[in-house]
Amino acid sequence: MKKPLYGPTIYYATDKNVFDALNQHKVTKSAIQSMFLRRNILVSPETPRLDLAAYFSLLNHDYKDHQDIANRLGVVARRERTTSMAIDGVKDRSDLAAAIDDVKKELEETGDLVRITKHDSRIVMVIRYSTIDYRRSEFTQTQQRTGRIEFLGSGPRYVVRSTHSDYVIRIRDEVFERLAKNTSVSLEKFVISLSPFPNPEDRSAFFNDLINELDGFTVYDVKQAFAYKARPRGFSGDFDDDESFDSEEEADDEEENEGGEIESGTAVKDRRRDEEAKLGSHIDHVSLKGVGVTRSSFLIDALDDGYYIVRTRWEARKTLAPGQIYIIEALFTDPAICDEFSFMLRGVFPLEEGRVSKRQVAPQPDDIDEVSRAIEATAQRLLAQLREKHTNQAS
Amino acid sequence: MATRYRWYTVEFGRKSVEHALKLLATHSLSADSDSGFLLVDRGEAYASFRFFAKTTVVVTRADIEGNTTYSQVETLGVSSFSIMSIEGMTVLRAENPGKTLRTLFNAMGQIIGLGFTTTPITFDKYAPKGFLKTFGSHRLINVKVRGTVPGSSLYASMEFDSKDGIVTQQLPLPCDFEYQITQAVYEIKHKLVKGQIGYWANGTVRVTGELSLRLVELVEDELTQLGRRANLFKL
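Those protein sequences? They're chains A and B, same order as listed.
This note's numbering numbers the first residue of the first sequence as 5 and each following residue consecutively.
This note's numbering numbers the first residue of the second sequence as 73 and each following residue consecutively.
Here it is, written out as structure tokens:
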């Protein structure tokens with residue numbers, strides 16, 4: 005989790021960059037005036053922006069000037085998805101609080117802002133940090149972000165809900181590493197992952213059941229589904245690999261089949277994969293958008309062909325109080341192994357004059373909390389059912 | 073009284089039609105469920121159901137000061153549908169369908185699980201009206217066309233009515249007008265019995281008169297034949 009205090013060096017803006025930046029509408033005229041004022045220069049509101057930008061770019065610029073401009077031009081971070089896990093074995097809440105404080109101190113040393121609030125059964129850690137993207141142009145390299153980690157429960161089992169970003173997940177893991185180290189206890193983690201279940205049917209059924217059996221919600225419509233199928237074994241995107249096409253081997257295979265041997269389902273699938281590999285074409289992701297997507301024969305055909313659902317977006321309403329419609333998205337960030345489960349309440353169609361509005365609005369914190377709890381509980385239940393099913397099959 | 077129908081081809085994934093119908097029949101409406109099914113009639117190749125769904129309607133009230141308040145009142149929506157198995161195809165026929173059958177299909181999807189698919193049968197390319205020739209008399213009494221005039225940005229929608237019958241080739245349309253028939257209503261006479269059948273491009277058929285039931289049967293027969301020929305249905 006260690007973040008270097010300095011470097012690597014960020015691009016330093018030249019006078020040309022400053023001139024170009026000041027001519028963008030995101031830098032307001034009042035902002036330019038205040039930058040002049042800091043140099044004890046009064047500016048007439050009538051002076052054209054072009055003249056002001058030309059003059060200002062001739063002056064010396066310091067770090068504060070660059071920050072002022074960058075904050076206005078910088079990329080506004082989008083709301084990020086949430087990921088969740090459960091952790092068992094936390095004996096004392098104060099131990100957890102101590103580990104969080106430890107991590108907070110370290111983060112603040114590296115320049116992040118951390119705020120911790122504690123309620124009865126909830127500890128919330130809000131981290132304000134910046135990320136740097138060197139591929140972007142000068143003033144948009146820095147991006148201010150906010151991460152949130154919530155520890156819900158009163159022990160020994162906690163549900164940990166956090167922003168789904170590498171940095172925040174590293175912080176979350178660091179808290180538990182500290183906790184385990186300080187108290188010398190072994191903590192058991194329960195993450196939502198389908199990596200132990202490689203069967204495409206199980207993976208698709210997980211999403212279908214999540215949509216249809218979400219605790220306290222009734223599905224209204226499924227709008228999007230993304231299906232995935234890993235590239236076949238031995239696949240090469242290079243079209244010049246004619247040498248790998250072994251016609252003799254294929255002829256042998258045909259002779260074997262003529263001999264009356266019936267291929268098993270797995271053998272047929274393997275054979276098809278090998279054929280796809282030889283053709284040099286393969287579709288990894290299938291994205292379907294529309295209404296009633298899970299009922300479409302497009303999707304079902306793809307699933308029959310070995311694809312499985314890795315991401316979905318649907319609309320749901322509360323079962324007991326049908327009213328506003330919630331737009332929910334859930335996905336596995338790593339589709340190949342169905343790992344890193346995350347979700348997001350994308351928006352809400354509120355009730356207006358007794359009817360569901362066509363205008364989508366941002367969700368309220370209470371709505372986010374309610375949907376998150378429902379997804380966490382349902383996903384953990386479905387995962388437990390899946391484990392049980394496989395245990396029964398094995399026994 | 074006019075009755076409207078729409079048809080959908082349905083598939084039940086790995087479940088057999090028989091199993092799927094049994095599952096639907098066992099899911100009746102209860103206090104803790106949003107919706108439920110009632111098996112009304114069961115034949116060899118078909119099953120008729122009623123579908124009940126709890127829904128709300130918005131009631132607007134105005135007090136003496138003229139302030140408007142809105143409240144939701146719970147009610148029960150009822151719709152009828154039949155599922156037919158014809159030579160390996162499974163077709164769902166919705167009777168007097170609403171604007172959308174989302175609630176019905178969602179409920180069926182939840183019961184049947186992943187693999188349940190629905191595809192609406194639409195009449196934008198053809199309409200099952202070949203059987204009309206078998207009647208003593210039939211004539212087109214209403215037609216609605218929509219299209220564009222080539223070489224211009226004109227977009228036209230026209231409706232024609234005639235009690236004496238319309239010949240589509242003789243419609244007074246602009247030259248080179250490329251159009252599509254979006255609605256057509258025929259009047260039928262069979263041994264002094266009158267009836268009407270209307271086709272909409274979205275797949276809706278409306279029948280009126282004493283011939284209604286016979287007309288629906290004939291439409292379904294032709295749908296099956298056309299579907300098979302054009303490979304529109306999955307077999």
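Ideal Cβ positions, reconstructed from N, Cα and C, are used throughout, including at glycine.
What residues in the region 158-190 of chain B bring their beta carbon closer than 8 Å to a beta carbon of chain A?
R174, F177, N178, G181, Q182, G185, L186, G187, F188, T189, T190
Have a look at T222/A and L292/A and give me their C-alpha separation to the nearest angstrom.
21 Å
Is the CB-CB distance between A90/A and Q364/A below 8 Å?
no
Can you tell which of F347/A, G327/A, Q389/A, E392/A has the C-alpha that lies nearest to the C-alpha of A378/A?
F347/A
Answer with yes or no whether the minimum CB distance from Y80/B to chain A is below 8 Å.
no
Quick one: does V130/B have its CB under 8 Å from some CB of chain A?
yes
How close, in whole Å, do the beta carbons of I36/A and L46/A come, if the pair is a contact with beta carbons under 8 Å?
12 Å between Cβ atoms; not a contact.
Reference A325/A, options V195/A, P49/A, G220/A, closest by Cα
G220/A
Distance, I73/A Cα to P49/A Cα
19 Å
V323/A versus chain B: which residues are under 9 Å apart at the beta carbon?
Before going further, note that residue 323/A is Thr rather than Val in the sequence given. Result: D106.
Under 8 Å from the C-beta of S143/B: neighbouring residues of chain A
G358
Mind checking whether T81/B and M180/B have CB atoms under 8 Å apart?
no
8 Å is my cut-off, CB to CB: does G294/A come that close to chain E?
In the structure shown, chain E cannot be found, because the protein chains are A and B.
Alpha carbons only, please: which of R43/A, Q71/A, Y67/A is nearest the one belonging to Y59/A?
R43/A
Closer than 7 Å by beta-carbon distance: list the chain B residues that pair up with D225/A, in chain order.
R174
Where the alpha helix (DSSP H) through S38/A begins and ends:
33-41
With 8 Å as the threshold, decide whether the Cβ of R299/A is near any Cβ in chain B.
yes
Beta bridge counterpart(s) of A256/B as assigned by DSSP:
V215/B, Y271/B
Tell me whether the region 125-135 of chain A and the region 100-112 of chain A touch, counting them as touching only if at least three CB pairs, one residue from each stretch, are closer than 8 Å.
yes
Rounded straight-line distance, which links the Cα of T132/B to that of H123/A:
42 Å
So, with DSSP's three-state summary, where would you put G149/B?
strand
Answer with buried or exposed for R139/A, where buried requires no fewer than 16 other C-beta atoms within 10 angstroms of its C-beta.
exposed
Could you give the distance in angstroms between the alpha-carbon of L390/A and the alpha-carbon of D92/A?
20 Å
Quick check: the Cα distance between V89/B and S157/B, rounded to an integer number of angstroms?
8 Å
Chain B residues whose Cβ lies nearer than 9 Å to that of S188/A
Chain B residues near S188/A: none, gap ~46 Å exceeds 9 Å.
Pick helix, strand or coil for L54/A, following the three-state DSSP scheme.
helix
Using a Cβ cut-off of 7 Å, pull out every chain B residue sitting near T222/A, in sequence order please.
D106
How about the region 297-312 of chain A and the region 225-232 of chain A: do they share at least three Cβ pairs that are nearer than 8 Å?
yes
Under the three-state DSSP convention, the category P192/B falls into:
strand
Close Cβ partners of Y142/B (< 8 Å) along its chain, the five nearest in sequence each way excluded
V130, V131, T132, R133
I'd like to know if S208/A contacts chain B, where contact means its C-beta is closer than 8 Å to some C-beta of that chain.
yes
Residues of chain B with CB under 9 Å from N75/A, in chain order?
Near N75/A there are no residues of chain B at all, since even the closest Cβ is about 44 Å away, more than 9 Å.
Thinking just about the alpha-carbon of each residue, which of V22/A, Y224/A, R165/A is nearest to the one in E344/A?
R165/A
Contact set for N216/A: own chain, Cβ-Cβ below 6 Å, skip 5 residues either direction:
V223
The alpha helix (DSSP H) enclosing A378/A, as first and last residue numbers
369-398
Mapping the DSSP letters down to three states, classify S208/A as helix, strand or coil.
helix
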